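Below is one structure, written out as structure tokens; comments come after it.
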Amino acid sequence: MNTISELNKISKKNSKKIRTITLYNLISFWGVLIFGIFGMLIGIYFLPIEKLNIENVSIIVLIPICLILLSYYMLEVNLKFLKGSKRSYWILLVFFAIQCVGIGMANTKFNFELGGIPLNFTIRFGEFFLKINVAAICLTLYLLSFKKNLPEFLENLKQKNSQNYGR
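Read in order, the letters of the sequence shown are residues -9 to 157 in our numbering.
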């Protein structure tokens, strides 16, 4: 959990937009961690004994673990972004852009949310619907606002954080 404390410490010294992105990723991580573990325990507990086999248990356990690991990876990407990594900027941008819109048809849906802030609404067109994630759209726009001066912005982050933390 060193990444979380370092991320929190570094992001406090940056702008509100940077802090907002970091807070979203932290809330997302803790949400995925808590609900993932809770979901695993509930899933295993309520699984009928006749369906208690290695395939069912592994699905109940592996999917939340994969989501927890992905969410933690995004915290590490966020930390690298705060240290001035251009690659991390693009990973965060794609990550938030993917979360902006979920699609669905009838009773099935696909959207990529990792337990973040649930600010979303749904637009329905008969059987088809779009799920719009307002928080992800705002964060994507925040990141896009840095794109115009990206090299200078990242260099500024590197200098600011190396002065503050000697790294």
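A virtual CB, placed ideally from N, CA and C, is assigned to each residue, including glycine.
Just so we're clear, the structure is a prediction, and the values are computed from it rather than from any experiment.
{"Query": "Delimiting residues of the beta strand (DSSP E) encompassing G21", "Result": "Taken as a continuous stretch (DSSP letters only), G21 belongs to no beta strand (DSSP E), being part of the alpha helix (DSSP H) at K6 to F36."}
{"Query": "Classification of C56 by the beta-carbon crowding that lies within 10 angstroms, buried from 16 upward", "Result": "exposed"}
{"Query": "Three-pair Cβ contact test at 8 Å for the segment 53 to 67 versus the segment 78 to 94", "Result": "yes"}
{"Query": "Delimiting residues of the beta strand (DSSP E) encompassing M120", "Result": "Per the sequence shown, residue 120 should be read as Leu rather than Met. Segment F118 to N123, the beta strand (DSSP E) holding L120."}
{"Query": "For K73 and N(-8), the rounded distance between their alpha carbons", "Result": "15 Å"}
{"Query": "Ordered list of beta strand (DSSP E) runs contained in the segment 38 to 66, each at least 3 residues", "Result": "none"}
{"Query": "Per-residue burial, A38 [other beta carbons within 10 Å of its own, 16 or more giving buried]", "Result": "Note that residue 38 is Pro in the sequence shown, not Ala. Flag for P38 reads exposed."}
{"Query": "Nearest to I81 (by Cα), restricted to the options L133, K41, A96 and C128", "Result": "L133"}
{"Query": "N110 - DSSP class collapsed to helix/strand/coil", "Result": "strand"}
{"Query": "G74, enclosing beta strand (DSSP E) - first and last residue", "Result": "Per DSSP, G74 belongs to no beta strand (DSSP E) and is neither H nor E."}
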